[in-house]
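To start, the structure itself, in structure tokens.
In this note's numbering, the protein residues as written are 14 to 381.
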């Protein structure tokens, strides 16, 4: 049996673990044409979940649009138009729909060599300022007249960086008129994307059902891993599976990475797991050191404070003094910046978002 674990990209069966409730809930919302705000931490399986649900949809045409790396409204137009056009498999009909809906810019047509589907690519003039985004959504509406569609915008928070309030208002105006389209707005920068939808001053305020992607339960990981080993006529102790899950703080990508490397080991023991953990940390030492060097002195102190206290009683006088903070406000400012930069999350208590980075801190001379 080939190694079933994958940690370097989108995962599907057999590397896809559980999320049965999330699959069912997301499918139900899409089928009822509800807009969804799906958010999680980075590398938590958000995109894999979307694509798995899209793959299973019946009677609904899925459209996946990745906005990661877009830096301008023209980039958004290109990504959106290319994605939407792929929903119409007949190039003659696509050309007709484009002619009927898009007049503000020229469009080239081609056939995707991988999928064999037609693609419409906008030809925008350099420096073109008046870009009619509504025409792209008019095309989506035209496609949806004959079939129900679901559009997922992955890393949707990117539009806030380059579009600003006017662009967000344009998008909302286009989207809220559609009745036969379900939109999934997905993001991995929680503070940015939740502000877009929960801030009463923003255009997308309460325009989608909130769908936070939580951690997978440890027992689901145990069942999944044990089953994969069983299929290969091997066994693995449930306690050792749990130990890896806890070391990774239920982080899906790191759990996949651990078991991907562990799969090639003849025996599994605590010593083997310890060795593997050190190996994974060593491979990331350069990026962890770079991240650490990018922090201010107070931000470093705040990270050490969070690790030392387990994220509890951060602002106790003794704890603040032990890590060099003269006032609670200094620590508060540092922690807020760490949250903004996605080093830290608050889930009841303060936690480092990356469990292996936390382990690197614990094992390094930084704490000596």
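Glycine is no exception: its CB is placed at the ideal position from the N, C-alpha and C atoms.
- Under the DSSP assignment, residue 79 falls outside any alpha helix (DSSP H), being part of the beta strand (DSSP E) whose first and last residues are 73-79.
- Listed in chain order, the alpha helix (DSSP H) elements of length 4 or more contained wholly in the segment 21-64 are 33-44.
- In this structure, DSSP gives residue 202 a state outside helix and strand, which the three-state scheme calls coil.
- Distances from the CA of residue 228 to each of 371, 75, 33, 318 were compared; the closest alpha carbon is that of 33.
- Contact between the segment 271-290 and the segment 242-256 is present: three or more C-beta pairs spanning the two stretches fall below 8 Å.
- Counting every other CB atom within 10 Å of its CB across the protein chains shown gives residue 102 a total below 16, marking it as exposed.
- CA-to-CA, the gap between residue 79 and residue 190 works out to about 22 Å.
- For the set 337, 304, 316, 197, the Cα lying nearest the Cα of residue 63 is the one of 197.
- Only residues of its own chain outside the window of five on either side were considered, and among them 50, 198, 217, 218, 219, 220, 221, 223 have a CB closer than 8 Å to the CB of residue 210, listed in chain order.
- A straight line joining the alpha-carbon of residue 30 with that of residue 240 spans about 11 Å.
- The distance from the Cβ of residue 323 to that of residue 362 is about 7 Å, consistent with a contact at the 8 Å cut-off.
- Taken through DSSP and simplified to helix, strand or coil, residue 365 comes out as strand.
- By the beta-carbon neighbour count (other beta carbons within 10 angstroms, threshold 16), residue 311 is buried.
- Per DSSP, residue 103 lies in no alpha helix (DSSP H) and is assigned neither H nor E.
- Listed in chain order, the alpha helix (DSSP H) elements of length 4 or more contained wholly in the segment 123-167 are 146-156.
- Straight through space, the alpha carbons of residue 235 and residue 272 are spaced by roughly 12 Å.
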